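Here is the structure we will look at, set down as C-alpha cells.
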Amino acid sequence: MANWVPLWLHKLGSPPIFYRFAGVVRPWALALAILAALAALYGGLVLAPADYQQGDAYRIIFIHVPSAWMSLFIYGAMAVAAFVGLVWRIKIAEVVAMESAPIGAAFTFITLVTGSLWGKPMWGTWWTWDARLTSELVLLFLYLGVIGLYHSFEDRRQGARAASFLALIGIVNVPIVHFSVNWWNTLHQGSTVRILGPSHIEMSMLWPLLTMMLATKLYYIASLFARVRADLIATESGKDWVRAIALAENGDRP
Amino acid sequence: MSQFFAMGGYAFYVWVSFAVFFIVLLVDALAPLVRRRRNLRELRARMARSDARRRPGSNA
Numbered sequence: 001m002a003n004w005v006p007l008w009l010h011k012l013g014s015p016p017i018f019y020r021f022a023g024v025v026r027p028w029a030l031a032l033a034i035l036a037a038l039a040a041l042y043g044g045l046v047l048a049p050a051d052y053q054q055g056d057a058y059r060i061i062f063i064h065v066p067s068a069w070m071s072l073f074i075y076g077a078m079a080v081a082a083f084v085g086l087v088w089r090i091k092i093a094e095v096v097a098m099e100s101a102p103i104g105a106a107f108t109f110i111t112l113v114t115g116s117l118w119g120k121p122m123w124g125t126w127w128t129w130d131a132r133l134t135s136e137l138v139l140l141f142l143y144l145g146v147i148g149l150y151h152s153f154e155d156r157r158q159g160a161r162a163a164s165f166l167a168l169i170g171i172v173n174v175p176i177v178h179f180s181v182n183w184w185n186t187l188h189q190g191s192t193v194r195i196l197g198p199s200h201i202e203m204s205m206l207w208p209l210l211t212m213m214l215a216t217k218l219y220y221i222a223s224l225f226a227r228v229r230a231d232l233i234a235t236e237s238g239k240d241w242v243r244a245i246a247l248a249e250n251g252d253r254p
Numbered sequence: 001m002s003q004f005f006a007m008g009g010y011a012f013y014v015w016v017s018f019a020v021f022f023i024v025l026l027v028d029a030l031a032p033l034v035r036r037r038r039n040l041r042e043l044r045a046r047m048a049r050s051d052a053r054r055r056p057g058s059n060a
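Here the protein sequences line up with chains A and B, keeping their order.
Heads up, the first sequence is in UniProt numbering, so the first residue is 1 and it goes up one at a time.
Heads up, the second sequence is in UniProt numbering, so the first residue is 1 and it goes up one at a time.
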C-alpha cells in the first residue's frame, strides 16, 4: 500500500486487529448513543413546545429526520467502503460495506414507516408516489438488493464484490433523494435544517434533533462493529485467531 | 401526565412512530450478537469433530 497511509490505518485492515478494535469501541459507542438518545427524547418529547400548525404530531420529526439522514449517510459510507474494497481488495472494507447495508435498510424502513405515520394526520394519506417518497423507497430496494446479492453467492468475497458494484451504481439515487424536494413539485416539505445558512427551526426543537442525529451516528458505529465482528468470525473461521476466540468463549460446556 | 401521553390527539401516530424506531433498532442491535455466538458455537462443534477424527477412540 502507498506509504502516505498511516500505519495505524494499515493495521486496521488486518481482521484480528479490527476485530479487537471494534470490540473495544462498540460498547462505548452504544452507551453514548443511548445517553444521547435519552437526552434527545427528553428534549424532543417533553421540553420542546408543540408546533403552531402541527401540534404534537410534529414530534415524529425527532426520529424521522435523523433516520432519513442516516439512510443517506450509511449509503454514502457503504459506497465509499465498497469502492475501497473493489479497488484495493481490502477485506475489511468489503465487510464494512456489506454489513452497513442491513443498518441502512433498517433506517430507511424506519424513515418510510414514520413518514407514513406522519403523513396520515398531516397530508391525509399514508403514501403518495411523489419524488421524495418514491426515491426513498428505491433506496430501500437498493439496500435489499445489496444484501440479497451478497448472500446469493457461495463464495462470500465474490458476493461482496458483486454487491459492491451494485452499491456503487446505486449511489446516483442518493442526490436524487436529497434534492428531490427541490427538483420536483412534491408533497414533502423542503429542508428545515441547513448546513449553509440559517435553519428554519427554533433552538428548543433544533437541539433535540441534532442530539438524536448524533445518537444515530453513534448507534451506526456500534451496530456496524458488532456486525463486522460477527461476519469476521464466520469468514475467518479457518484462521487460528478465530479458533482461539471460539475456545476462549466456550459457553456451552460447564 | 395523561396530557403528555395524549400528544394533543396524535398519540397513535407519535407513539407508534417511536415504537417502530426503537423496536427496529433493538432487533438490528441484537441480530449480530446472536449471529456471532451461533457462529462461534458451530466453529467449536466443527473443531471438536475434526479432533475426534484425528484421535479415534477418544470421545471429545
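Virtual Cβ for every residue (Gly too), placed ideally from N, Cα, C.
Keep in mind it's a predicted model, so treat the numbers as computed, not measured.
With 16 or more other CB atoms across the displayed protein chains lying within 10 angstroms of its CB, Ala57/A is buried. In this structure, DSSP gives Gly190/A a state outside helix and strand, which the three-state scheme calls coil. Trp241/A is outside the set of residues whose beta carbon lies under 9 Å from a beta carbon in chain B. Within chain B, Val20, Val24 have C-beta atoms less than 9 Å from the C-beta of Phe109/A, given in sequence order.
Cβ contact annotation for Ala226/A (same chain, cutoff 7 Å, sequence separation greater than five): Arg26, in chain order. Take Pro49/A, set aside five residues on each side of it, and the residues of its chain with a beta-carbon closer than 7 Å to its own are Ser204, in chain order. Here Asn182/A is exposed. Its C-beta has fewer than 16 other C-beta atoms within 10 Å. For Thr125/A, there is no enclosing alpha helix (DSSP H), since its DSSP letter is neither H nor E. Where Leu47/A is concerned, there is no enclosing alpha helix (DSSP H), because DSSP gives it neither an H nor an E.
Sixteen is the threshold: since fewer than 16 other Cβ atoms of the shown chains lie within 10 Å of the Cβ of Phe4/B, the residue is exposed. Here Thr125/A is exposed: its Cβ has fewer than 16 other Cβ atoms, across all protein chains shown, within 10 Å. The residue among Leu133/A, Ser14/A, His10/A, Ala97/A with its C-alpha nearest the C-alpha of Tyr220/A is Ala97/A. Using beta-carbon distances, Asp28/B counts as an interface residue toward chain A, with a partner under 9 Å. Gly104/A carries a helical assignment under DSSP once its states are collapsed to helix, strand and coil. Contact between the stretch 162-171 of chain A and the stretch 135-146 of chain A is present: three or more C-beta pairs spanning the two stretches fall below 8 Å. Approximately 28 Å separates the beta-carbon atoms of His151/A and Gly115/A; this is outside 8 Å, ruling out the contact.
Judged by beta-carbon spacing, Ile110/A lies beyond the 9 Å limit of Ser180/A, meaning their Cβ atoms are not closer than that value. Beyond the five residues adjoining it in sequence on each side, Lys120/A comes within less than 7 Å, by CB distance, of Trp126 in the same chain, given in chain order. Phe21/A: member of the alpha helix (DSSP H) spanning 15-41, first to last residue.
Taking the beta carbon of Arg36/B as reference, the chain A residues within 8 Å of it are Ala226, Arg229, Ala230, Ile233, listed in sequence order.
DSSP places Lys217/A inside the alpha helix (DSSP H), whose first and last residues are 203-235. With a 10 Å radius around the Cβ and a threshold of 16 neighbouring Cβ atoms, Val242/A comes out buried.
In this structure, DSSP gives Gly145/A a helical state, which the three-state scheme calls helix. DSSP places Gly119/A within a helical segment (H, G or I) once states are collapsed to three.
Per the coordinates, the alpha-carbon of Met7/B lies some 40 Å from the alpha-carbon of Gly23/A.
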